[in-house]
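These notes concern the structure reproduced below.
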Amino acid sequence: MKKTGIAILILVLLSATGFGFMKAVQASVEKSVIEYLVTEKNISEDQILVSEPFIANLPGDKNWMVGIELKDDEKIYYYYRSNGKVILESYTEDGVEYVQ
Numbered sequence: 270m271k272k273t274g275i276a277i278l279i280l281v282l283l284s285a286t287g288f289g290f291m292k293a294v295q296a297s298v299e300k301s302v303i304e305y306l307v308t309e310k311n312i313s314e315d316q317i318l319v320s321e322p323f324i325a326n327l328p329g330d331k332n333w334m335v336g337i338e339l340k341d342d343e344k345i346y347y348y349y350r351s352n353g354k355v356i357l358e359s360y361t362e363d364g365v366e367y368v369q
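The opening residue of the sequence shown carries number 270 in the numbering used here; numbering runs sequentially from there.
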């Protein structure tokens, strides 16, 4: 009984650690993308309607992406961060994806 409880506790701690790491990476990439848009592309934070980090199931750095929707723009932009640089991976317009 005691060993089962310890095993369950270890499993819960490992799961929580993995989930926490995933959320931390997503938040970090999202912050980098927003900073890039504001400083490099001169887009006001007020223009950013949606900023949604997600796991893209792509290889390498592209696995951690952020979807961006802007005011008065029908496109959805998908960015990732690689070697400290923010890169536009693709965008969708009218349901069609355009990869950069």
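Built from N, CA and C at the ideal position, the CB exists for glycine as well.
Counting only the same chain and skipping the five closest in sequence on each side, list residues whose C-beta sits under 7 Å from that of Val294. Only Trp333 meet the Cβ criterion.
Hey, out of Asp363, Gly353, Ser351 and Tyr347, whose CA is closest to Gln369's CA? Ranking the options by Cα distance to Gln369, first place goes to Tyr347.
DSSP three-state call for Gly353: helix, strand or coil? Note: Gly353 maps to coil in three-state DSSP.
Starting from the C-beta of Met291, find all residues in its chain whose C-beta is less than 6 Å away, skip the five residues before and the five after it, and write them out in chain order. So the list is empty, once near-sequence residues are dropped.
Buried or exposed by the 16-neighbour rule on C-beta atoms within 10 Å, applied to Ile324: Per the 10 Å Cβ criterion, exposed.
Measuring CB to CB, does Ser351 end up less than 8 Å from Ile337? Not in contact: Ser351 and Ile337 (Cβ atoms no closer than 8 Å).
Assuming contact is defined by CB atoms lying nearer than 8 Å, are Leu318 and Lys340 in contact in what I supplied? Contact check for Leu318 against Lys340 passes: the beta carbons are separated by less than 8 Å.
Nearest-angstrom Cα separation, counted from Pro322 out to Tyr305: Approximately 15 Å, taken between the alpha carbons.
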